[in-house]
Amino acid sequence: MRALLFTVVSVFAGALALAQTPPQAREGDSVAWHVVRPGETLSAITYKYLGDASLWPENQRLNPGISDPDKLTPGQRVLVITAREIAARRAKVDKLSRKVDKKLQQESWLAAHIGDQLVEREGLRTFGSSSAELGLDDGTRLQMTENSIVFLREYKSSIRKVDRSKIEVVEGGVDLAIAPAARRSRREVEVLIGDVQARPKAVGGATEARARRDAETKSAKLMVYAGTTEVESAGVKVQVPKGMGTSVKEGAPPAPPQKLLAAPALVTPAAGAESRGATELTWSPVPRAASYIVEVCRDAKCAGLAGRQTGLTDTKAAFASLPAGALFWRVTARSQGGLDGYPSKPRALSMIRVISGRVLLDDRRGVRDNLPLAGIGGALVRLHLDNGDGAPGDGDVMMGEVRTDARGAFELGRVENGTFWVVVEARSASPSGSWREQTYGPAGSLCSDAEGGTSMLTAAGVCYGGRRGGVPDAFETLAGSEHVARVEVSDQDELPDLEFAFSDTAVTTASDSEPAVQGSLRQFVLNSQAVSGNHIMQFVPMEPANATAGDASWWRVSLVAPLPALPDRTLIEGEAMRAQRPFARIDSNPGTLGSSDAVGVDAARIVNPDRPELEIDGRGSVPVLISGRALGGVSNVALIGATRQLIESTGEFAVSNSIIGLGADGSVPTSAPIVGIDTTGTLRIERTLVAHQSAVGIRVWSDDGRPRLVARDLEATGCGPHPVLQIRSSGAVIERSYIHRCDDAAGSVGIEFQGRSVALGAICRNHMVTGSTIRGFDAGIVLRLGAMDNVIEGNVIDASGHGIMFQHIQSFWTPKGNRISRNSFLGGGEPISLEGRPGLGFEEKKLYELAVSCAGSGTSVDRGLDFMGVGTIKRDGSSLRVTGTVCPDTTVEIYARSEGKIEYVGSVKGDAAGAVDAVVETPGGAPRDLALVTIDKTGTTSRMKFGSIR
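Quick look at the structure:
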């Protein structure tokens, strides 16, 4: 009895405990007590709240006291699930290749990564030669090809175990692989292509289909490779079975299904073949194929796209570059209607990845697009594997080295993923005796920023001086190497050809030393000696300027020893350029140097030289600064600091836009050369200032009688008793120039044209001085022995002594054919003076009889203002009336004299008989004090005769 009582009490206590602590509901479920009504079963109650009677076991778990779900007592209280929260479905990015973006609900497009999860209303976008694979949680796989956009428009589960997926193809195409549905679950997959709906259905297995939006034809394409798919558009439904496809034009019903084309048979390369660089793929033609699609992938299912070509009408495709590693390729034939047939079975292809490129010769003024450069053979190229610190150093492992072939090409052996440094030795890329400087590099090149730092190129471009400005290449170690490029090797990136370019003519540093350093002025001259051809210096400074004056700055090369002689066709070009494309001039030393005075009787302005950005300083320790032996020159430079000559040349030499004898800022150096420019060859000089020499500014000295000087926009000053320009040659041309004094030294001469003995023949001839000003000398222009056929015209000659002087005249070598016309004379001396040579019995009168005689008869008609014999000059208001007789075809030039000035007024000319009757207009009023010269038909000009008229 006591045992039975204990049992009853225990059962009651257990039942009470169960009623008080029911089982816990699952997370996300809402529960409540329900009072059973007559006839209700647990499944009926479950359907009432959840809409799915099959979930009644979930409610029975909450009510362990219910043994039979179909036998409930009216009024009984049961705990039931009244609502269930369904977790959001997620799709996972399982694979991607190259550039793929994702679009989240509240975000703009972002870079996608493997493992990213997408929910409803989110999508993916692929770019060219890119792909992605998206795995849905129901086992459906989506493979997106290149240039596609796909969104999960509806992606949810219901409490009834129905997984609903609506996939919208906005652009491009997608391959679907739908696995058979799991037991007791249902799946609804719908693909939207514009207003077309496609509903793949698994029949006894998986479904495989391809959906594509054709933007060109504004149609949807649906191809079924396994299972069946229902396609609906414009209210019409069509069943597309395996091996068939349909096209649907925008707003139209689906076209009748058509049979898909067979898979092409692949031909070459053979399965598993190795390839490197450019690869050609071939296959057999497919009947009725309009075009082909070729895909190269990183996996056999082609989820990771490595390369793709479409629209091919031939049965071959060439890929210039493919990523290294194990690849697969397949071909699909496309019908005339745009339906994709069965893809071929993927064929394995092994791509060998190498780092390749070329070493090139930049033999022009900078590397230019679309202009091929010659390769440099024999250049040494090394490959280093980075040790993980991301900086080139001696801790990095050298993987190998090669020399470039005759085309300048190199190939560095098989590489795996990682960071590498490619290094070119500049010495090996240079002929014997030279040391070329880098001018161009590939993306990843380490390049000087010209401010003392180093930057990395994000794209191929100019790279002057390597990675550190003013530092020569020390190839023995990676840390000391200057011509370095970083290469990142990964499965995601193609490796472009690396192109390095080097130049014989690039100057990147103001440093000077012996032996010469790479990129220096001295090395440029040595390179020019070692390599034939034209050598125009490229001055691209890759270090800060080392000379300043106020806000101005420039680069000063302080020579430690004389420079080597310039070889043939070599120009020192000091115009500083920025290392960029297109090139731009550095104007860190702005302004010009020189006088602003007008020159010549026409008051023209000479073009002053720019203040240069390059100064070459001999520091008073070199006898000659620049020495030329053949065709050469300097431009845009300042030259100072030589003890004997700043420029000494025996060949043809050109000087332009330069400062000879002063610093780049116009400052006067502590030492002066004897001669500024000294040549026994030919000198062409323009837009240049020559100053601060102790003797002659420019000396041209030659006995061969050939033209040796051409000067324009020249300003030259003299500071001693010597001539500023001293010329012993023929045919000099000096125009629009300014020759003047900088002190009051006695015996000074502006321009001296030298002659020589009669036995050697006259060379003081055919000179021309026009439109210039010669100011401040004892004698403006001196023509010595044998002066013939020279022209001095349109100049302003301001001399305290004689304006134009003929010296060392001999009776047997009389000046003739010298045309002196339209000049203005200032100063107290004789405008045109003739000085005989003492001790030779010279008679001045005889010279004039020869100079102005009619037809060389020896009869003098040179008698001052009455030299015309019967002629007269009369004032008539603002004009002069000239009548009389002169030698036939002789010109009489009339000058006005006033307050130490003699200025050209006009001229008259006799006819064939010598008769003159002319009016000379004088707008400023007819002068009373006149000066006259005669110029005969040979150009011979007489001395100037003075007189006055009433």
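When we follow the numbering used here, the leftmost residue of the sequence shown carries the number 444, and every step to the right adds one.
Each residue gets a CB set at the ideal place from its N, CA and C atoms; glycine is no exception.
So, with DSSP's three-state summary, where would you put residue i?
i, result
"Asn-970", "helix"
"Pro-500", "helix"
"Tyr-490", "helix"
"Ser-956", "coil"
"Ala-944", "strand"
"Thr-1383", "coil"
"Leu-765", "coil"
"Ala-555", "coil"
"Ser-1114", "coil"
"Ala-872", "helix"
"Leu-964", "helix"
"Leu-515", "coil"
"Leu-485", "helix"
"Leu-1152", "strand"
"Leu-505", "helix"
"Val-1335", "strand"
"Gly-750", "strand"
"Ile-636", "strand"
"Cys-745", "coil"
"Tyr-1347", "strand"
"Glu-673", "strand"
"Trp-878", "coil"
"Gly-582", "coil"
"Thr-918", "Just to set this straight, residue 918 is Phe in the shown sequence, not Thr. If DSSP states are grouped into helix, strand and coil, Phe-918 belongs with coil."
"Lys-685", "coil"
"Gln-467", "coil"
"Asn-1100", "strand"
Do residue i and residue j have their CB atoms nearer than 9 Å?
i, j, result
"Ser-1114", "Thr-1131", "no"
"Arg-1127", "Tyr-1181", "no"
"Ser-1215", "Val-1239", "yes"
"Gln-972", "Ala-949", "no"
"Gly-1193", "Val-1176", "no"
"Ser-1191", "Asp-1221", "yes"
"Ser-727", "Thr-758", "yes"
"Ser-690", "Leu-782", "yes"
"Leu-1068", "Leu-1089", "yes"
"Gln-640", "Glu-651", "no"
"Gly-1084", "Val-1098", "no"
"Met-1231", "Asn-1261", "yes"
Take residue i and list the residues in its own chain whose beta-carbon comes closer than 7 Å to its own, dropping the five residues that flank it on each side.
i, result
"Asp-513", "Thr-484"
"Gln-503", "Leu-485, Ile-509, Pro-512"
"Val-1363", "Ser-1322, Leu-1323, Val-1325, Ile-1337, Val-1348, Gly-1349, Val-1351"
"Leu-921", "His-827, Pro-835, Gly-836, Asp-837, Asp-839, Trp-864, Val-866"
"Thr-1365", "Ser-1321, Ser-1322, Leu-1323, Val-1348"
"Gly-856", "Val-797, Gly-843"
"Gly-715", "Ala-791, Ser-793"
"Glu-717", "Ser-793, Ile-795"
Using only alpha-carbon positions, find the residue among the options that is nearest to residue i.
i, options, result
"Glu-631", "Ile-621, Val-639, Gly-637", "Ile-621"
"Gly-482", "Ala-1081, Glu-470, Thr-516", "Thr-516"
"Lys-661", "Ala-475, Met-1231, Glu-693", "Glu-693"
"Ala-534", "Ser-1038, Ala-1154, Ser-608", "Ser-608"
"Leu-816", "Ala-822, Arg-825, Leu-803, Leu-823", "Leu-803"
"Gly-615", "Val-639, Val-1143, Lys-664, Pro-643", "Lys-664"
Go through its chain and collect everything with a Cβ distance to residue i's Cβ below 8 Å, but skip five positions before and after it.
i, result
"Gly-426", "A query on residue 426 cannot be resolved here, the shown segment of the chain reaching from 444 to 1393 and no further."
"Val-1003", "Asp-955, Ser-956, Glu-957"
"Met-899", "Gly-887, Ser-888, Leu-889, Cys-890, Arg-929"
"Trp-772", "Leu-709, Leu-724, Val-737, Glu-738, Val-739, Cys-740, Pro-789, Arg-790, Leu-792"
Considering only heavy atoms of the ligand COA, does any lie closer than 8 Å to the CB of residue i?
i, result
"Pro-684", "By its list of ligands, the structure shown contains no ligand whatsoever, and the ligand COA lies outside what it can speak to."
Within its chain, find whatever has a CB closer than 6 Å to the CB of residue i; leave out the 5 residues flanking it on each side and keep chain order.
i, result
"Glu-576", "Asp-537, Lys-538, Gln-586, Ala-746"
"Asn-970", "Ser-877, Asp-947"
"Val-679", "Pro-696"
"Glu-1273", "His-1245"
"Thr-1333", "Gly-1353, Thr-1377, Asp-1379"
Check your understanding: Hey, is the segment 474-491 in contact with the segment 536-545, meaning 3+ C-beta pairs nearer than 8 Å?
Key -> In the pairwise beta carbon analysis, the segment 474-491 is classified as not touching the segment 536-545: fewer than three pairs are separated by under 8 Å.
Practice item. Report yes or no: do the segment 887-894 and the segment 848-859 share at least 3 C-beta pairs separated by less than 8 Å? Key: Result no; under three Cβ-Cβ pairs closer than 8 Å.
Exercise for review: Count the CB pairs spanning the segment 668-687 and the segment 705-721 that are closer than 8 Å, and state whether there are at least three.
Suggested key: Touching, no.
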